[in-house]
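All you need for this note's numbering is the position in the sequence shown, starting with 1, plus 877.
Don't be surprised by glycine CBs; every beta carbon is placed ideally from N, CA and C.
Here the structure is laid out as structure tokens; the discussion comes afterwards.
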Amino acid sequence: MHEFSLIQNLLQQCEYHAEQAGSHKVLAIHVSIGMMAGVEPELFKRAYDTFRQQTVCSDAELEIHWQPLELFCLQCASLTSLHEPRYSCQQCGSTSVRVEKGEDILLMRLEME
Numbered sequence: 878m879h880e881f882s883l884i885q886n887l888l889q890q891c892e893y894h895a896e897q898a899g900s901h902k903v904l905a906i907h908v909s910i911g912m913m914a915g916v917e918p919e920l921f922k923r924a925y926d927t928f929r930q931q932t933v934c935s936d937a938e939l940e941i942h943w944q945p946l947e948l949f950c951l952q953c954a955s956l957t958s959l960h961e962p963r964y965s966c967q968q969c970g971s972t973s974v975r976v977e978k979g980e981d982i983l984l985m986r987l988e989m990e
């Protein structure tokens with residue numbers, strides 16, 4: 878369950894940014910998670926609920942934006958956005974593709990008080 882370590886790292890980032898901003902309370906955490914980041918949604922939310930206690934994020938709402946897989950085809954130069962785990966171009970069928978988006982976990986924004 879790497880979701881636990883992901884949440885611990887996320888909360889550490891939140892603590893750091895809150896401290897830098899002089900805030901003692903985070904109201905909302907906005908994250909972007911690529912569909913190919915290997916994150917199980919329910920485990921991620923459960924880990925957040927478990928580890929946020931006694932942090933500046935204890936009352937913060939976790940807002941998750943699920944990012945589709947975006948591929949650039951090296952064969953036909955098209956950009957494809959997919960909502961299923963498929964590493965091939967939808968235009969020409971080539972598997973010679975480069976991942977542009979969809980494998981990352983990013984802290985996008987914090988709402989603080």
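Beta carbon of Thr932 nearer than 8 Å to that of Leu888: yes
Between Gln885, Asp981, Ser958, which lies nearest to Asp926 when the distance is taken from Cα to Cα? Gln885
On the DSSP bridge assignment, give the partners of Leu959 in chain order. Leu946
Between which residues of its own chain and Phe881 is the CB-CB distance below 6 Å, once the five residues before and five after are set aside? Ala924
What is the DSSP secondary structure of Glu977, reduced to helix, strand or coil? strand
What is the C-beta distance between Leu959 and Pro945, in whole angstroms, given that I count them as a contact (C-beta under 8 Å)? 6 Å
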